[in-house]
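One structure below.
Protein chains: 2
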Amino acid sequence: MHLSTRGHYGLLAMFDLAEHYGSGPISLKTVAERQNISDNYLEQLIAVLRKAGLVRSVRGAQGGYILAREPGSITVGDIIRAMEGPIAPVDCVSEVEPAECDQAESCITRLVWTRVRDKLTEVMDSISLADMLRDAENLSIAKKV
Amino acid sequence: MHLSTRGHYGLLAMFDLAEHYGSGPISLKTVAERQNISDNYLEQLIAVLRKAGLVRSVRGAQGGYILAREPGSITVGDIIRAMEGPIAPVDCVSEVEPAECDQAESCITRLVWTRVRDKLTEVMDSISLADMLRDAENLSIAKKV
DNA sequence: AAATATCTTAGCATTCCGCTCGGAATTTGT
DNA sequence: ACAAATTCCGAGCGGAATGCTAAGATATTT
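If you want it as structure tokens, here you go:
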């Protein structure tokens, strides 16, 4: 049950953009440095996010990336699906076009994986970038006290 | 969010053993054929389950494998941990010795992954092989009607 | 025109996956 | 005692994915 760095870095980058939402485009280099990711690599990852319609890009000098929608309407699930494909512990319970299996009807393990998948999507879809911003604020307040 | 075939096949094999719990040792070949897994490969996987203390082996003719404990006391979580290692979407929230990260204290994505991990373990630890046997029974009853 | 960015594609070393194979060790049955 | 059935163990291997690097094309601002 492991995510690749795609999903991991993808969420880091998106959260970084969320933290600076409203201040114009943020350059890839800035995000990469702040999040400690190779900018060459992040370049590829953010291309995926752009194609998925989660970020907008502004080319040229002073360009960069901006969230395509407000932080409240982008969830962790959106980001992970974009970066890692449909959420599914095993292929036969994939969210989209599940792999076929001749014993699917009577397969008990399939029931298990369905429950696991449902819990996964439930959590991931319930957390938005806005929720994370709120968490960040609470955390910094707690620290100051 | 994908399992490897290790976990997938591991659960299939364990459930197969659970279905025949109490009828003496089941040979690897039998399980492999019933579950449609290469027996050469399953041989390696079941070695892992044995080393994890989840199955007992009986060598020699008429030998095979038996669940080490009753089906009610073996959970999906036990099996997945044995086959795939500690449950963790990313290394910094691993159940055992999480990877260190200098920003761990203030990392918001880490909170997200912790919640995901907790949901994952919650589901997996709540389903035992006995539960699955019950599901199988309900399913076959439903079909007959 | 120069500087600053994104965009696109190619490549590449390493690791992991999913297996196959061969043979040693152990137990049962005849 | 011997043959058959089985687990046990380790080596190896092709293919795919991972996590990058690198280089140049394109667009925009100053």
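Protein sequences, first through last, are from chains P and R. Number 195 in the working numbering belongs to position 47 of the first sequence; there are no gaps in the numbering. Number 158 in the working numbering belongs to position 10 of the second sequence; there are no gaps in the numbering. Backbone N, C-alpha and C define an ideal beta-carbon position, used for all residues, glycine too.
*Cut-off 8 Å between Cβ atoms - residues of its own chain near residue 249 of chain R, not counting five sequence neighbours on either side*: 240, 255, 258
_When you compare the CB positions of residue 243 of chain P and residue 154 of chain P, do they come within less than 7 Å of one another, or not?_
no
_Whole beta strand (DSSP E) elements within the stretch 172 to 211 of chain R, 3-residue minimum_ = 203 to 206
*asked:* Can you check which of these residues, P/238, P/180, P/279, is closest to residue 151 of chain R by C-alpha distance?
replied: P/238
_Give me the chain R residues within the contact set of residue 179 of chain P, using Cβ-Cβ distance strictly less than 9 Å, ordered along the chain._
Ordered by position in chain R, no residue passes the 9 Å Cβ test against residue 179 of chain P, which lies about 13 Å from the chain.
_Residues of the stretch 154 to 165 of chain P in Cβ contact with chain R at a cutoff of 7 Å, in chain order, please._
156, 159, 160, 163
_Please tell me whether residue 151 of chain R has its Cβ less than 7 Å away from any Cβ of chain P._
yes
*Would you mind telling me which residues of chain R sit closer than 8 Å to residue 263 of chain P, beta carbon to beta carbon, in chain order?*
271, 275
*Between residue 158 of chain R and the rest of its own chain, which residues show a CB-CB distance below 6 Å, the 5 nearest in sequence each way excluded?*
193, 227, 231
*asked:* For residue 212 of chain P and residue 171 of chain P, what's the separation of their Cα atoms in angstroms?
replied: 11 Å
*Which term fits residue 289 of chain R, buried or exposed, when burial requires 16 or more other beta carbons within 10 angstroms of its beta carbon?*
exposed
*chain P beta carbons: is any one of them nearer than 7 Å to that of residue 292 of chain R?*
no
*If you count every other CB in all the chains shown that lies within 10 Å of the CB of residue 221 of chain R, and 16 or more means buried, which is it?*
exposed
*Along the chain, where does the alpha helix (DSSP H) that runs through residue 372 of chain P open and close?*
Only positions 149 to 293 of chain P appear in this structure, which leaves residue 372 of chain P out of reach.
*Would you list, in sequence order, the uninterrupted alpha helix (DSSP H) runs of no fewer than 4 residues that lie entirely inside the stretch 218 to 270 of chain P?*
224 to 232
*Would you say the stretch 259 to 266 of chain R touches the stretch 260 to 278 of chain P, given that touching needs at least three Cβ pairs under 8 Å?*
yes
*How big is the Cα-Cα spacing for residue 225 of chain R and residue 234 of chain P?*
22 Å
*Starting from the C-beta of residue 203 of chain R, find all residues in its chain whose C-beta is less than 8 Å away, skip the five residues before and the five after it, and write them out in chain order.*
162, 165, 194, 197, 213, 214, 215, 216
*Can you tell me the Cα-Cα spacing of residue 189 of chain R and residue 160 of chain R, whole angstroms?*
13 Å
*Residue range of the unbroken alpha helix (DSSP H) whose run includes residue 156 of chain R*: 153 to 167
*Just how far apart, CA to CA, sit residue 285 of chain P and residue 156 of chain P?*
21 Å
*Out of R/274, R/287, R/276, R/253, point me to the one whose CA is closest to residue 283 of chain P's CA.*
R/253
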